[in-house]
Amino acid sequence: MNNTEENYQQERSMAEWVTFSIASFILAVIVGLVGYTWLTDKNQPPIVSVSNKQTIRESDGKFYVPFEVVNTGGDTAESVQIIAELEVDGEVKETGEQQIDFLSRGETEEGAFIFSQNPNQGKLTIRVASYKLP
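In the numbering used here, each residue carries its 1-based index in the sequence shown increased by 3.
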């Protein structure tokens, strides 16, 4: 055996073993998380819902109706269209339309519809009309 072969066959130091163990642990955690995400992700379509939880406010003769839209599904939704209709005495008096460009999984967006008539004096319907997949 020559001198260079002896250097290669030396045992690893404690610092090398500790570093190797930490790096192996980090790699195992990353691989485990990727595998878990892959197994549990069911590629569900977007589930988009809208609600108007906040109170209606009036300013300068206009009525502001805040809304919140959330995607609880698995995939991202694009071009989410939200429609509001104000019906008074059985007749649709006003409508409004909003579009949200991008709504990823678990994301929430807020906005408001503006009406010239008081929504409390009729039936207000806010709904998600459509979306498209990216």
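The C-beta atom is built at its ideal place from N, Cα and C for all residues, glycine as well.
If you draw a straight line from the alpha carbon of G1 to that of E14, how long is it in whole angstroms?
-> Lying before the first or after the last residue shown, residue 1 is absent from the chain, which here runs from 4 to 137.
Could you check how far apart the C-beta atoms of P49 and A80 are, in whole angstroms? I think they sit under 8 Å.
-> 4 Å
Grouping DSSP H, G and I as helix and E and B as strand, with all else coil, what is G77?
-> coil
P69 in three-state terms, based on DSSP = strand
The stretch 87-99 in contact with the stretch 124-135 per 3-pair CB rule at 8 Å = yes
Sequence ranges, beta strand (DSSP E) only - wholly within the stretch 20-56, length at least 3 | 51-54
Integer Cβ distance of N55 from V73, believed to fall under 8 Å | Wrong, their Cβ atoms sit about 13 Å apart, outside the cutoff.
For I129, which beta-bridge partners are listed by DSSP?
-> A87
Rounded to whole angstroms, how far is the Cβ of V51 from the Cβ of Y134, which I believe are closer than 8 Å?
-> 6 Å
Leaving out five residues on either side along the sequence, give the residues of the same chain with a beta carbon under 8 Å from the beta carbon of K96.
-> L89, E90, Q120, G125
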